[in-house]
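One structure is given below, encoded as structure tokens.
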Amino acid sequence: MRANIGKTNQIGLNSGLIALVLALAVLSLMVGPAGLSPRAALVALWDGEGVAGIIVRELRLPRTLLAGLIGATLGLSGAALQGLLRNPLAEPALFGAPQAAAAGASLVIAFGLAGATSLAVPFAGVAGALVSIGGLVAIAGRRASLTLTLLAGLALASFAGAATALVLNLAPNPFIALEIAFWLLGSLQDRSIEHVLLAAPFFALSWIVLAWHGRAYRALTLGEDAAASLGVDVDRTRLAVVVGVALGVGAAVAVAGAIGFVGLVAPHLVRRAVGYDPARVLLPGALTGAALLIAADIAVRFASGAVEIKLGVVTALIGVPFFIAMIFSERRMLEGAPS
Amino acid sequence: MSAPLLVARDVTVRLGGRPIVTAANLALGPGELVVLVGPNGAGKTTLMRALAGLLAADGDITLGDRPIAALAPRERAWAIAYLPQGHVFHWPMRADAIVALGRHPHADPLAAPSEQDRIAVAQALEATGATTLGPRLVSTLSGGERARIALARALATQAPILLADEPTAALDPRHQLVVMELLRATARSGGSVLAILHDLALAARFADRVIVMCDGALIVDAPPADALAPARLAETFGIEAVMVETGDGLVPLARRPI
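Just so you know, the sequences run in chain order A and B.
Quick note: the first sequence uses the numbering used here, first residue 581, plus one each step.
Quick note: the second sequence uses the numbering used here, first residue 918, plus one each step.
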């Protein structure tokens, strides 16, 4: 009976979040230099005629889709990584996964190995993220204490930063260096449907890999030994999370640059509502991530004057103070949990 | 006596190259409550983790007629429930949700919990006297309450073999007795229970057999009165002990370190 009530709440939460994401998506189609009414935006989306049709279909739809897909991927990645490491502070950006992905992706562009919308870019991004996430899980995986996770993250983020600096340093011309610098700031401006199609398969794969192991994250609440005794293949789960997060974050960075902290904030906002269940937090965490990033992208359009304020800058400006507040508010619980 | 369920033959476990358990032999049969005692660092937990199939070990560990290493993780989980020491819950979930994790090996990943799952969770909570703790968040529970929830989680798997690492640590005297009676009842209903204890009096009163471990080796495997005789305790634990008549058997009482 209690389980049924929990289930009803969960359905309510998820349908509410889906409604929120859809409402924000419509708003995102309306907002910009040329404002449209909700009706006009939806009509333009439907028939694609006239100036409004071009604005909505070719400018605003791709960035709205990307914001939703990337936000969901980052929210899900954060929730999965937190489940694996049993630590609410695990977040791809904290250990430089986006920076590492940017280093990988910028490497292939800087040296002319591929154009910006070639498949090689997300692959290079995924490879970069794989190094960073694999490094974290290898260092802090088995005994994921708060201190060890954060210190490993610091080291890996510094390393990713150094790798990106090296690419900048060796970049054959200043134009490429500038492109990389903007990339690191993260943005959804001027993205086309091509970008969406390029990244979408990676996102889908990442979602499947990460969501598949939901029950394993739940069993890991008891620690690795007890989870293994319940039949969880802990090593395989660890590998799946590394690969899944790398696929998602790498592809996100490849099309939109480094956007951080959505994976930290989104699961945290809904965790209490799902009873801290590391499996049930996955879906609402992803939906909240989508809502947050679409909202941030709308805010960027309102705030930008002559110079575009980059989306990654906004999420970091909101995310870092949030992260610090979380450290203080959860300090007792985190320090209470044995390493 | 029926055939032993879980058998270890000449088992050696190395951690980081160092042998922690050396040439251990033991058998755990149906209906038995066996208690493993030994000084700190004797290798008790390492041996138990190897028996649970969680550590690679040299030698043979068999479940029925099959080597434990050959079992699929899920098959192993159906047969052996393992309760680690420490009773750590990493997320402040509800206590009954924690106990329900014991149903993990039985669950269909895509289906809701079955009626059988619900009954198993309710029975495990009732057996550990923790039914009223069910709706509470585990972060709000005391150490002893957490220990009971952790044990209920292990019982909810309903595996025929239960390996419990210090199930009575952090418990008040009454709940120590409740847990020991529960372990004995689990054994009497056909299961096999191996428990690591530090309380020699509890071991003497409840165990069918006591295994004494010291420096990685199993020294004695005998009924409690023999295994816990003062001469042996002096040799393994370095304590001077006396046997006290309690009305239901002789129980060792540690008097002072030697």
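Ideal Cβ positions, reconstructed from N, Cα and C, are used throughout, including at glycine.
- Message: Contact defined as beta carbons within less than 8 Å: I believe residue 1127(B) pairs with residue 938(B). What is the distance between those atoms, to the nearest angstrom?
- Response: In this structure, residue 1127(B) and residue 938(B) do not form a Cβ contact; the two beta carbons are roughly 18 Å apart against a cut-off of 8 Å.
- Message: Just list the residues that DSSP pairs residue 1162(B) with in beta bridges.
- Response: 1167(B), per the DSSP bridge assignment.
- Cβ-based burial, residue 744(A) [other Cβ within 10 Å; buried from 16]: That one is buried.
- Report all residues from its chain with a CB closer than 8 Å to the CB of residue 1171(B); omit the five preceding and five following residues, and keep chain order. So the list reads 1117, 1150, 1154, 1156, 1157, 1158, once near-sequence residues are dropped.
- Does the distance from the C-beta atom of residue 1081(B) to that of residue 1000(B) stay below 8 Å? In this structure, residue 1000(B) lies closer than 8 Å to residue 1081(B) by Cβ.
- Message: For residue 703(A), tell me which candidate among 850(A), 779(A), 795(A), 596(A) has the shortest Cα-Cα distance.
- Response: Closest by alpha carbon: 779(A).
- Message: At the level of alpha carbons, what is the spacing between residue 1169(B) and residue 1162(B)?
- Response: Distance between the alpha carbons of residue 1169(B) and residue 1162(B) is about 9 Å.
- Flag this pair as touching only if the stretch 860-879 of chain A and the stretch 807-820 of chain A have three or more C-beta atom pairs under 8 Å; answer yes or no. By the C-beta criterion, the stretch 860-879 of chain A is judged not to be in contact with the stretch 807-820 of chain A, since fewer than 3 inter-stretch pairs fall below 8 Å.
- Could you check which residue in 591(A), 648(A), 595(A) has the C-alpha nearest to that of residue 768(A)? Residue 648(A) is the option with its Cα nearest to residue 768(A).
- Item | Status (buried if at least 16 other CB within 10 Å, exposed otherwise) for residue 1066(B) | Here residue 1066(B) is buried: its Cβ has 16 or more other Cβ atoms, across all protein chains shown, within 10 Å.
- Message: Cutting at 7 Å between CB atoms, please list the residues of its own chain near residue 922(B), excluding the five before and the five after it.
- Response: If you ignore the 5 residues before and after residue 922(B), its C-beta comes within less than 7 Å of the C-beta of 945, 946, 947, 980, 981, 1077, 1078, 1109, all in its own chain and listed in chain order.
- Item | Counted within 10 angstroms of its Cβ, other Cβ atoms place residue 630(A) as buried (16 or more) or exposed | By the neighbour-count criterion, in which 16 or more other beta carbons inside 10 Å mark a residue as buried, residue 630(A) falls on the exposed side.
- Message: Could you compute how far the alpha carbon of residue 1112(B) sits from the alpha carbon of residue 963(B)?
- Response: Their Cα atoms are separated by approximately 13 Å.
- Starting from residue 1149(B), follow the alpha helix (DSSP H) in both directions and report where the run begins and ends. First-last of the alpha helix (DSSP H) with residue 1149(B): 1147-1153.
- Item | 6 Å Cβ shell around residue 707(A) - same chain, five flanking residues per side excluded | Take residue 707(A), set aside five residues on each side of it, and the residues of its chain with a beta-carbon closer than 6 Å to its own are 684, in chain order.
- Task: With DSSP collapsed to three states, give me the class of residue 754(A).
- Result: Helix.
- List, in order along the chain, the chain A residues whose C-beta lies closer than 7 Å to that of residue 1011(B)? Per Cβ cutoff of 7 Å: 855.
- Partner residues on chain A for residue 997(B), Cβ-Cβ distance less than 8 Å: Residues of chain A with a Cβ closer than 8 Å to the Cβ of residue 997(B) are, in chain order, 809.
- Message: I'd like to know if residue 588(A) contacts chain B, where contact means its C-beta is closer than 8 Å to some C-beta of that chain.
- Response: No, because no Cβ of chain B sits closer than 8 Å to the Cβ of residue 588(A).
- Message: Can you check whether the C-beta of residue 594(A) is within less than 8 Å of a C-beta belonging to chain B?
- Response: No - not a single Cβ of chain B is within 8 Å of the one on residue 594(A).
- Hey, residue 791(A) and residue 1018(B): beta-carbon distance below 8 Å or not? Contact: no.
- Message: I want to verify the contact list: residues of chain B whose CB lies under 9 Å from the CB of residue 806(A), in sequence order.
- Response: Ordered by position in chain B, the residues that pass the 9 Å Cβ test against residue 806(A) are 999, 1000, 1001, 1005, 1018, 1067, 1070, 1071.
- Cβ of residue 993(B) less than 8 Å from any chain A Cβ? Proximity of residue 993(B) to chain A, defined by a Cβ-Cβ separation below 8 Å, is satisfied.
- Query: Beta carbon of residue 1073(B), beta carbon of residue 1041(B): below 8 Å?
  - Reply: Yes, the Cβ-Cβ distance between residue 1073(B) and residue 1041(B) is below 8 Å.
- Query: Counting Cβ pairs, one atom from each stretch, are 3 or more of them under 8 Å apart for the stretch 814-834 of chain A and the stretch 618-630 of chain A?
  - Reply: Note that the stretch 814-834 of chain A does not touch the stretch 618-630 of chain A; fewer than 3 beta-carbon pairs, one per stretch, sit closer than 8 Å.
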